[in-house]
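Colleague:
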Amino acid sequence: MVTEAKRSAAEQMLSAMPAPAGEAGWAREARAAARTRLLESGAPVRRDEYWKYTDPAALTTPLRLADGGVAADRSRDPFTVLTDRVALFVGGKFRADLSAPLSQPGLAVATLGETLAQDISVMREIYGVLEAAGQEKVDRPLASLNTAASTEGLALQATGPGGVIHLRYDNVVEGAAMVRHLIRVEEGAELTVLESGVAANTVIEADIADGGKLRHIRLQNEDRVAIATHLFAKIGSEAEFKTFTLSADGGLTRNEVVIEMTGDNGRGHIAGAVLAQGESHIDNTVFVTHDGVACESRQVFKNVLGGRAKGIFQGKIFVRDGAQKTDGYQISQAVLLDDGAEFSAKPELEIYADDVACSHGSTTGALDPAALFYLRSRGVPQKAAEAMLIAAFAEEAIEEIDDDNLADAMRAEVERWMAGRG
Amino acid sequence: MLKIKDLAVRLEEEDKTILRGVDLEVPAGAVHAIMGPNGSGKSTLSYVLAGRDGYEVTGGSATLDDEDILEMDPEERAASGLFLAFQYPVEIPGVGNMTFLRTALNSQRKARGEPEVSAPDFLKLIRAKAKELNIDADMLKRPVNVGFSGGEKKRNEILQMALLEPRMCILDETDSGLDVDAMKLVSRGVNALRSEGRGFLVITHYQRLLDHIEPDVVHIMAEGRIIETGGPELARKVENEGYTDIMKSVA
Numbered sequence: 072m073v074t075e076a077k078r079s080a081a082e083q084m085l086s087a088m089p090a091p092a093g094e095a096g097w098a099r100e101a102r103a104a105a106r107t108r109l110l111e112s113g114a115p116v117r118r119d120e121y122w123k124y125t126d127p128a129a130l131t132t133p134l135r136l137a138d139g140g141v142a143a144d145r146s147r148d149p150f151t152v153l154t155d156r157v158a159l160f161v162g163g164k165f166r167a168d169l170s171a172p173l174s175q176p177g178l179a180v181a182t183l184g185e186t187l188a189q190d191i192s193v194m195r196e197i198y199g200v201l202e203a204a205g206q207e208k209v210d211r212p213l214a215s216l217n218t219a220a221s222t223e224g225l226a227l228q229a230t231g232p233g234g235v236i237h238l239r240y241d242n243v244v245e246g247a248a249m250v251r252h253l254i255r256v257e258e259g260a261e262l263t264v265l266e267s268g269v270a271a272n273t274v275i276e277a278d279i280a281d282g283g284k285l286r287h288i289r290l291q292n293e294d295r296v297a298i299a300t301h302l303f304a305k306i307g308s309e310a311e312f313k314t315f316t317l318s319a320d321g322g323l324t325r326n327e328v329v330i331e332m333t334g335d336n337g338r339g340h341i342a343g344a345v346l347a348q349g350e351s352h353i354d355n356t357v358f359v360t361h362d363g364v365a366c367e368s369r370q371v372f373k374n375v376l377g378g379r380a381k382g383i384f385q386g387k388i389f390v391r392d393g394a395q396k397t398d399g400y401q402i403s404q405a406v407l408l409d410d411g412a413e414f415s416a417k418p419e420l421e422i423y424a425d426d427v428a429c430s431h432g433s434t435t436g437a438l439d440p441a442a443l444f445y446l447r448s449r450g451v452p453q454k455a456a457e458a459m460l461i462a463a464f465a466e467e468a469i470e471e472i473d474d475d476n477l478a479d480a481m482r483a484e485v486e487r488w489m490a491g492r493g
Numbered sequence: 015m016l017k018i019k020d021l022a023v024r025l026e027e028e029d030k031t032i033l034r035g036v037d038l039e040v041p042a043g044a045v046h047a048i049m050g051p052n053g054s055g056k057s058t059l060s061y062v063l064a065g066r067d068g069y070e071v072t073g074g075s076a077t078l079d080d081e082d083i084l085e086m087d088p089e090e091r092a093a094s095g096l097f098l099a100f101q102y103p104v105e106i107p108g109v110g111n112m113t114f115l116r117t118a119l120n121s122q123r124k125a126r127g128e129p130e131v132s133a134p135d136f137l138k139l140i141r142a143k144a145k146e147l148n149i150d151a152d153m154l155k156r157p158v159n160v161g162f163s164g165g166e167k168k169r170n171e172i173l174q175m176a177l178l179e180p181r182m183c184i185l186d187e188t189d190s191g192l193d194v195d196a197m198k199l200v201s202r203g204v205n206a207l208r209s210e211g212r213g214f215l216v217i218t219h220y221q222r223l224l225d226h227i228e229p230d231v232v233h234i235m236a237e238g239r240i241i242e243t244g245g246p247e248l249a250r251k252v253e254n255e256g257y258t259d260i261m262k263s264v265a
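Chains as they are written, first to last, in our numbering: chain A, 72 to 493; chain B, 15 to 265.
1) The beta strand (DSSP E) that contains Phe-114/B, what's its start and end?
2) Between Lys-124/B and the rest of its own chain, which residues show a CB-CB distance below 7 Å, the 5 nearest in sequence each way excluded?
3) Over what stretch of residues does the beta strand (DSSP E) that includes Met-15/B continue unbroken?
4) Chain B beta carbons: is any one of them nearer than 8 Å to that of Arg-447/A?
5) At the 8 Å Cβ level, is Leu-266/B part of the contact set with chain A, yes or no?
6) Between Val-345/A and chain B, is any beta-carbon pair separated by less than 8 Å?
7) In this structure, how does DSSP classify Asn-159/B when only helix, strand and coil are distinguished?
8) Residues in its own chain within less than 7 Å of Arg-99/A by CB, not counting five upstream and five downstream?
9) What are the partner residues of Val-157/A, as DSSP defines its beta bridges?
10) Should Lys-138/B be labelled buried (16 or more other beta-carbon atoms within 10 Å of its own) or exposed?
11) Quick one: grab the DSSP three-state call for Gly-337/A.
12) Keeping to the same chain, check which residues put their C-beta closer than 8 Å to that of Glu-350/A; ignore five residues upstream and five downstream.
13) Counting only C-beta atoms, is Leu-98/B closer than 8 Å to chain A at any point?
14) Please state the DSSP three-state secondary structure of Glu-28/B.
15) What's the call for Gly-386/A, buried or exposed, on a 16-neighbour Cβ count within 10 Å?
16) Using a Cβ-Cβ cutoff of less than 7 Å, which residues in the same chain neighbour Arg-78/A once the five nearest sequence positions on both sides are dropped?
17) Looking at C-alpha atoms only, which residue of Ala-428/A, Glu-419/A and His-301/A is the closest neighbour of Val-364/A?
18) So what's Thr-222/A in DSSP terms, helix, strand or just coil?
19) Thinking C-alpha only, which one of His-352/A, Asp-362/A, Arg-325/A and Thr-324/A is nearest Glu-331/A?
20) Specify the secondary structure class of Pro-452/A as computed by DSSP and reduced to three states.
21) Look at the Cβ atom of Thr-273/A, then the Cβ atom of Ala-101/A, and state whether they are nearer than 8 Å.
22) Determine the chain A residues that contact Leu-178/B at a beta-carbon separation under 8 Å, and present them in chain order.
23) Is there a Cβ from chain B that is less than 8 Å from the Cβ of Thr-489/A?
24) What number of angstroms, rounded off, separates the C-alpha of Thr-151/A from the C-alpha of Leu-265/A?
25) Please classify Ser-86/A as buried or exposed, where buried requires at least 16 other C-beta atoms within 10 Å of its C-beta.
26) Between the C-alpha atoms of His-219/B and Ala-196/B, what's the straight-line distance to the nearest angstrom?
27) Hey, how far is the Cα of Tyr-61/B from the Cα of Leu-16/B?
28) On a CA-only basis, which of Pro-418/A, Arg-325/A and Gly-224/A is nearest His-352/A? Give me that one, please.
29) On the criterion of 16 or more Cβ atoms from any shown chain inside 10 Å, does Ser-54/B qualify as buried, or is it exposed?
30) By DSSP, does Glu-484/A sit in helix, in strand, or in coil?
31) State the DSSP-derived secondary structure class of Glu-105/B, mapped to helix, strand or coil.
32) How is Gly-65/B classed by DSSP in three states: helix, strand or coil?
33) Mind pulling the chain B residues with CB within less than 7 Å of Glu-466/A?
34) Do Ala-226/A and Ala-270/A come within 8 Å of each other at the CB atom, strictly closer than that value?
35) If we ignore side chains and look at the alpha-carbon of each, how far apart do Pro-232/A and Val-256/A end up?
36) If Gly-73/B and Arg-91/B are in contact, beta carbons under 8 Å, what's the gap, nearest whole angstrom?
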């Protein structure tokens with residue numbers, strides 16, 4: 072039963088958002104259903120089990136959306152040197168005038184507004200559908216809010232190989248940004264999505280058809296107050312989804328990744344590196360559902376925590392009845408650089424098939440003093456020795472990235488973070 | 015070169031005194047050996063000289079060419095020419111041996127105000143040094159000491175010594191875990207580094223290493239003190255009579 076307080080907070084979150092107009096009937100229905108979901112679940116509160124380690128208060132304040140602004144300096148964004156196919160969102164608004172021509176051979180791109188106004192759209196099977204399915208076991212009210220109210224974002228349909236798109240959010244004005252992307256990877260097609268910058272509330276729904284491949288690399292290293300992201304992926308037979316997020320510093324960051332392998336022999340890999348100091352609070356919450364037979368899932372999260380930073384990992388592997396030959400793996404580790412840093416991990420397995428291999432592990436500790444002394448005894452200064460050990464620690468998450476250039480870009484970010492560390 | 019005077023050291027965690035006034039002087043060009051039973055404080059002496067945490071110096075001094083090394087950080091001691099070959103070299107997953115060696119060499123050079131060695135020059139240098147110690151390219155590429163056999167680890171220590179060219183080398187139980195062939199190889203590496211300007215302190219429990227690395231002076235350590243000093247014949251006496259008799263005769 073939703074409490075009155077939770078429901079009323081949800082109402083306030085909804086009423087702060089302008090009502091989208093001129094949309095097709097199916098879109099209006101999807102929005103209404105999302106509103107209902109949000110009102111029924113209510114806004115998240117600290118007492119909710121799923122928010123035990125992260126106080127959602129900063130995320131449930133009604134959003135005041137930003138308006139306009141100019142593009143920021145992107146020279147520090149490593150993705151800009153890897154691709155010029157950038158879709159730029161300034162103050163939460165998509166700016167076609169500042170973006171590259173987005174459609175490429177094998178990749179059709181439309182804005183969310185165009186997509187939701189069309190009577191017939193392949194995105195109809197995705198919008199709000201994956202998000203709703205992802206709430207089967209746990210409420211995700213902030214994702215429902217996004218479905219109910221978001222008006223900015225892109226719909227990407229990959230029909231061939233080689234597609235790359237860089238989604239970048241510039242927040243240079245006061246106010247929040249809410250973004251929603253829809254992705255459909257058709258049978259045998261491939262797409263790489265890069266994301267950088269931060270928006271207060273981001274949802275991506277990705278439907279990967281049989282044999283399709285989706286790669287997602289995300290960089291969250293810019294100043295931010297409080298953000299929540301949701302990534303929902305549905306993975307077909309022989310299809311593959313790999314996502315990696317590097318989160319550095321900033322305020323409250325909650326990243327939920329929710330995937331379901333619906334076909335046989337699918338693969339879903341979710342990795343992340345967290346580099347946090349000061350008062351940062353970075354929460355990676357992952358929910359992996361195995362439905363098909365012989366699917367493989369991996370969760371690899373490495374947290375480097377200094378100052379009074381908090382790292383959270385909640386990871387669940389849910390194996391449905393009949394999902395035999397499941398291979399599920401999960402590891403979350405933290406290195407605490409200072410006494411005030413904290414790491415909390417909550418691994419969960421829920422298994423209804425009898426022929427599966429699932430493993431999980433979690434460790435927390437300081438940098439190995441023996442290794443530090445060994446390096447220093449050879450003349451490596453303490454900070455450099457620490458940096459070497461931290462890079463080695465983060466590497467185990469970064470090596471989950473297939474593409475060497477992208478992996479190198481993330482290594483460079485780790486190096487930069489360490490160089491900037493006090 | 016290395017002067018240790020009345021050095022007293024306490025193990026912080028256990029509040030236990032390990033070294034009770036060690037006096038020792040190793041001149042440049044000399045090889046001194048320290049032998050002693052387990053628990054005599056040999057390894058503690060090597061760790062204290064290299065600067066490991068956890069030990070409190072309660073008295074005495076240790077200088078390298080008149081510089082007080084006990085006041086320095088471990089990396090400063092290394093840059094000023096002190097090297098400890100570890101009894102148990104540490105495995106460091108994820109840090110490539112080559113990266114480690116190059117960072118170590120260039121950090122020391124930088125600390126001494128010398129120009130850094132470029133990547134191609136370093137490659138040439140390390141290949142030449144590695145060849146002398148039968149260290150193949152694969153061992154250089156792998157993470158530091160990870161999956162190395164006991165012999166490979168010790169050879170990697172000597173490689174570091176050959177590369178860093180320290181003035182004062184301390185070898186802590188370098189023979190432990192080595193078969194005869196590996197011991198010969200390691201000893202050859204050490205002997206190749208013997209020179210007029212370089213001092214060695216070879217810590218060992220057994221005399222057999224000293225057949226390969228012949229010391230000029232042998233010290234016997236027991237209960238945190240040097241109890242006897244002599245020539246190479248002292249090592250053979252230990253081999254024949256054991257430590258117990260020597261300790262009795264001194265007492």
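By construction, the Cβ of each residue, glycine as well, lies at the ideal position given by its N, Cα and C atoms.
Nothing here was measured: the structure is a model prediction, and the numbers come from that model.
Modeller: According to the structure data:
1) Judged by DSSP secondary structure, Phe-114/B falls outside any beta strand (DSSP E) and instead within the alpha helix (DSSP H) spanning 111-125.
2) If we look at Lys-124/B and ignore the five residues flanking it on each side, its Cβ neighbours are Glu-130.
3) No beta strand (DSSP E) contains Met-15/B, which DSSP labels as neither H nor E.
4) Yes, Arg-447/A lies at the interface with chain B (some Cβ there is under 8 Å from its Cβ).
5) No information on residue 266/B is available, as it lies outside the stretch 15 to 265 that chain B covers here.
6) Closer than 8 Å: no.
7) If DSSP states are grouped into helix, strand and coil, Asn-159/B belongs with coil.
8) Same-chain partners within the cutoff: there are none.
9) BP columns for Val-157/A point to His-237/A.
10) Exposed, since its Cβ has fewer than 16 Cβ neighbours within 10 Å.
11) Coil, per DSSP.
12) In the same chain as Glu-350/A, and ignoring 5 residues on each side of it, the C-beta atoms closer than 8 Å to its own belong to Gly-322, Gly-378, Arg-379 and Ala-380, in chain order.
13) At least one beta carbon of chain A lies nearer than 8 Å to the beta carbon of Leu-98/B.
14) DSSP places Glu-28/B in coil when its eight states are reduced to three.
15) Buried: at least 16 other Cβ atoms inside 10 Å.
16) Cβ contact annotation for Arg-78/A (same chain, cutoff 7 Å, sequence separation greater than five): Leu-110 and Gly-113, in chain order.
17) Comparing Cα positions, the closest option is Ala-428/A.
18) Secondary structure of Thr-222/A (DSSP, three-state): coil.
19) With distances taken between Cα atoms, Glu-331/A lies closest to Asp-362/A.
20) In the structure shown, Pro-452/A sits in coil (DSSP, three-state: anything other than H, G, I, E or B).
21) No, Cβ-Cβ distance for Thr-273/A and Ala-101/A is not below 8 Å.
22) Those within 8 Å of Leu-178/B in chain A are Arg-449 and Gly-450.
23) For clarity, residue 489/A is Met in the given sequence; the question names Thr instead. Using a Cβ-Cβ cut-off of 8 Å, Met-489/A does not count as an interface residue toward chain B, since no Cβ of chain B sits closer than that to its own.
24) Distance between the alpha carbons of Thr-151/A and Leu-265/A: 10 Å.
25) Classification for Ser-86/A: exposed.
26) Straight through space, the alpha carbons of Ala-196/B and His-219/B are spaced by roughly 17 Å.
27) Approximately 15 Å, taken between the alpha carbons.
28) By alpha-carbon distance to His-352/A, the top candidate from Pro-418/A, Arg-325/A and Gly-224/A is Arg-325/A.
29) A buried status is given to Ser-54/B, since no fewer than 16 other beta-carbon atoms sit within 10 Å of its beta-carbon.
30) In this structure, Glu-484/A counts as helix in the three-state DSSP scheme.
31) In the structure shown, Glu-105/B sits in coil (DSSP, three-state: anything other than H, G, I, E or B).
32) Correct three-state label for Gly-65/B: coil.
33) In chain order, Gly-108 make up the part of chain B whose C-beta sits under 7 Å from the C-beta of Glu-466/A.
34) Not closer than 8 Å, so no.
35) Rounded to whole angstroms, the gap between the alpha carbons of Pro-232/A and Val-256/A is 10 Å.
36) That pair is no contact at about 20 Å.
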